[in-house]
Amino acid sequence: MKTPLRALLLTVLALGGTFGLDPFRNYQLATAAACFAAVAGLTVLVGLTGQLSLGHAVLMAAGGYGFAWAATAVDGPWPLALLAGLLAAALVSGLLGLLLGAAAARLRGPYLAGLTLALVIALPAAASALPLGGDQGVRAPFFPVPQALSALIAVEQWHAWLAITVAAAAVTPLAVLRSGPAGLRMRAVLDDETAARLSGIDPGRVKTGAFVASAVPAGLGGAVLAIATQQVTPGGYG
């Protein structure tokens with residue numbers, strides 16, 4: 007079975023499973039979907055290139071703040087606000103991942119881990135120094151149940167649906183990447199950088215690309231968490 011088709015089937019099953027859960031469990035499912043997206047990105051980074059990151063919480067926070075800012079700024083129907091927020095989350099986290107990837111191309115092992123951990127430690131201070139609401143954070147938009155579904159599901163189940171759908175959209179490309187040419191190049195760099203370089207593969211570019219590929223689903227996971235909680239705070243991700 008093709009990867010996208012398998013992902014679609016699993017997504018439909020997960021959506022159907024929400025009918026057997028109470029509101030609180032659906033809320034927990036939404037937060038679990040956020041973590042799932044971030045962890046899936048981390049498995050690409052660690053599993054395919056061997057780069058150790060302890061700072062994916064910062065990438066989630068970047069996505070959460072980007073989502074809240076863009077979705078709130080849109081004056082239009084909720085699908086437009088949701089789409090704008092998700093695009094902003096992917097863009098902000100992807101850019102941050104690009105910067106980290108550029109550093110990762112020059113750092114190894116504990117040095118890279120220390121750099122990413124320092125970002126997590128600095129997150130509360132950055133939230134206070136930048137217009138991010140300090141410890142109180144910022145509010146994320148509330149997405150009510152569409153009128154056509156209001157008699158069928160509760161708001162917690164609706165948010166679980168949104169979370170599952172976004173997480174699936176974030177993770178499916180990673181599965182395709184793992185089995186494609188990009189995944190093969192990452193494995194080549196992991197096995198032997200010198201041999202990969204001699205075969206025409208640029209290890210620095212591969213490592214940077216892996217960080218970006220890992221950062222985007224983490225940022226979308228942060229957006230999912232913002233949808234579920236309607237709040238983005240440093241403590242929510244640190």
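For our numbering, count along the sequence shown from 1 and bump the result up by 6.
Each residue gets a CB set at the ideal place from its N, CA and C atoms; glycine is no exception.
Just so it is clear, the structure is predicted and the values come from calculations on it, not from any experiment.
For this session: Using the Cα positions of ALA131 and LEU138, report the straight-line distance between them to the nearest angstrom.
Result: 10 Å
Exercise. What is the DSSP secondary structure of GLN237, reduced to helix, strand or coil?
Worked result: strand
Problem set entry | Closest Cα partner of LEU190 within the set ILE207, VAL126, TYR71, GLN142 | ILE207
Exercise. Where does the unbroken alpha helix (DSSP H) through PRO85 begin, and where does it stop?
Worked result: 84 to 110
Problem set entry | Environment of ILE170 [buried if 16+ CB atoms lie within 10 Å] | buried
Exercise. Got a sec, what are the start and stop residues for the alpha helix (DSSP H) ALA79 sits in?
Worked result: 62 to 79
For this session: Identify every run of the alpha helix (DSSP H) within the stretch 104 to 180, keeping only runs that are complete inside it and at least 4 residues long; order them along the chain.
Result: 115 to 135
For this session: Express the C-alpha separation of VAL222 and GLY103 in angstroms, rounding to a whole number.
Result: 8 Å
Problem set entry | Short Cβ contact (7 Å threshold) for LEU65 with ALA174 | no
For this session: Measure the C-alpha to C-alpha separation of LEU158 and LEU15 and round it to an integer number of angstroms.
Result: 22 Å
For this session: Alpha carbon to alpha carbon, how far is GLY242 from ALA40? Give it in angstroms, no decimals.
Result: 12 Å
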